[in-house]
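Structure first, then comments.
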Amino acid sequence: MRYLQIALGSCVLACLAACSTPSVVAPQSDVTRALFTADGPPKITLFTVQATRDGSGAHSALMVSGAHRALFDPAGTFRHPRAPERNDVLYGITDDVKAVYIDYHARQTYDIRIQELEVSPAVAALALAEIESYGPVPQAFCGRSVSTILSRLPGFEDIRTSFFPNRISREFGNRSGVATRVVTDDDADDNHGVLIVAAGAP
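Residues in the sequence shown are numbered consecutively from 93, following the numbering used here.
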C-alpha cells in the first residue's frame, strides 16, 4: 500500500508539473511605458471564444478598464510587441491592440463573444488587483481562473467557479446592462502575423 501511495503521489506531482505554465514577467519599466487608460466609464469585458463547429467554449479572458486597461488572458497564446505581459496579464491594451486581439481569435473555426458591463471605479480597481495578483495559469484552467476572479467581485458573487467558458458567459450575461456582440471572421486560421503587422506593430 505504501508503494502505491508513493506511486500515486509521484503521478500527481508529474501531472502538476506537466500542467504548469512558465511565468512571463516583463520589466516593470516596459509595463509602465505601455499603460493605457481608455475613454469612458470603467468596464469589465468578458471574452469567450467559441468553436464555429458546435458552439463549444474554447477560451475565456477578462479585460478590465479602470485606472488603466489590462487584459487577463489566462494560458493564452496572444502576443503583441506593444503589450508587455506579466503572469498572463497584458498591458498597453489600446483600441488597436484590442482589435488585433479580437481578430486573432475570430477566424474560420472560432467566433468570439464579447460581453461588456459598466462597473464602479471601486469594482474596476478591485478587478485590476485580482487579475494582477492571480499569477500564471495552467493550460485548460482559463475558465476556472476567470470565474474565480469574477466571483470575488461585488455584484458578481453568483458566478460559480467553472472550467466551462460558455457557462461563465451565460452567468455573466445575467447581469442587467451587459452589452453583448459576437464577432465572426472568415479569414484563414494562419493570418495572425499579418494582423499584427497590419496594426502597425514594429
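All residues carry an ideal CB built from backbone N, CA and C; glycine is no exception.
| Asked | Found |
| --- | --- |
| Given 8 Å, three or more beta-carbon pairs between the stretch 153-161 and the stretch 124-136 | yes |
| Alpha carbon of P257 to alpha carbon of R273, nearest angstrom | 16 Å |
| Secondary structure, beta strand (DSSP E): runs of 3+ residues fully inside the stretch 183-254 | 202-210 |
| Beta carbon of Y183 nearer than 8 Å to that of V123 | yes |
| Alpha-carbon to alpha-carbon, D187 and A126 | 13 Å |
| Sub-8 Å separation of A130 and E208 beta-carbons | no |
| Check: G149 C-beta below 7 Å from any heavy atom of the ligand NAP | Summarising the ligand content, the structure contains no ligands, and the ligand NAP is consequently not present. |
| Other residues of its chain near A219: CB distance less than 8 Å, five sequence neighbours each side excluded | I136, L154, V156, G158, V211, I241, L245 |
| Terminal residues of the alpha helix (DSSP H) in which T137 lies | Careful: T137 lies outside any alpha helix (DSSP H), inside the beta strand (DSSP E) at 135-143. |
| Buried versus exposed call for A99 [16 or more other C-beta atoms within 10 Å across all chains shown] | Residue placement at A99 is flagged as unreliable, the pLDDT there being 36, under the threshold of 50; the coordinate-derived value follows with that caveat. Burial call: exposed. |
| Whole-angstrom C-beta distance between I185 and V275, which should lie under 8 Å | Not confirmed; about 16 Å, so no contact. |
| The stretch 189-201 / the stretch 254-269 touching (three or more Cβ pairs under 8 Å) | no |
| Through-space distance from E177 to S73, alpha-carbon basis | Because the chain in this structure spans residues 93 to 294, residue 73 falls outside the shown range and cannot be described. |
| V141 versus G149 - alpha carbon distance | 6 Å |
| Same chain, Cβ closer than 6 Å to C234, neighbours up to 5 away in sequence not counted | H151, S152, P166, A167 |
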